[in-house]
Amino acid sequence: MANTGYDWDAAWTPVDAAIALTVAGTILDNSATLDLDGKAACLISIDTDYSNHAKATAGLTVAIAKEAGDGSFETIADGAAAFEMAFLQAGTRRKVIALFAAEFQKFQIILSWGNTTASAVATTQTDIKYATIPVAS
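Heads up, the sequence shown is in this note's numbering, so the first residue is 17 and it goes up one at a time.
Here's what the structure looks like:
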């Protein structure tokens, strides 16, 4: 019988490594454009370490912004998919999502930390793993 499943990359590829989101510095980060041309799907892994601040006011919002057709991208408010990784004092949150090429051809990952507490930090690593569909034999 032919293999009709996905062939996933063996390893994760970093999209953004150790992005430190802080009130005093970067509070918003857009990834480079990711392209599923020639791919069937991808997995996106988001790993966020929160600093030891008891009063951080918000978690990390992750949005997937699709290309709008003219080379621009949806905004974080209008993104095709978005979720919040709730703040966890001195803790880590992890999330993996799947995106399929039929819906997400070109996209960006937008990280936005709504926190307003001084000195608090959310350090985030995003990675991607692509899938192809093998040719049936």
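The beta-carbon is built from N, C-alpha and C at its ideal position, and this holds for glycine as well.
**Prompt:** Within the chosen definition, does the stretch 144 to 151 reach the stretch 28 to 35 through at least 3 CB pairs nearer than 8 angstroms?
**Reply:** yes
**Asked** Can you tell which of 73, 94, 115 has the C-alpha that lies nearest to the C-alpha of residue 60?
**Response** 115
**Residues of its chain near residue 135, where Cβ-Cβ distance is below 7 angstroms and the 5 sequence neighbours each way are ignored** = 69
**Item:** DSSP state of residue 56 mapped onto helix, strand, coil
**Value:** coil
**Item:** Cutoff 6 angstroms; reference residue 121; Cβ partners in own chain excluding five residues on either side
**Value:** 52
**Prompt:** Are the beta-carbon atoms of residue 65 and residue 108 separated by less than 8 angstroms?
**Reply:** yes
**Asked** When the distance is taken between beta carbons, is residue 92 closer than 8 angstroms to residue 128?
**Response** yes
**Asked** Going by DSSP, which residues form a beta bridge with residue 14?
**Response** Nothing can be reported for residue 14, as the shown portion of the chain is limited to 17 through 153.
**Cβ distance (whole Å) where residue 96 is taken to contact residue 57 below 8 angstroms** = Between residue 57 and residue 96 the Cβ distance is about 15 angstroms, and since that is not below 8 angstroms, they are no contact.
**Prompt:** Alpha carbon to alpha carbon, what distance is there between residue 139 and residue 45?
**Reply:** 12 angstroms
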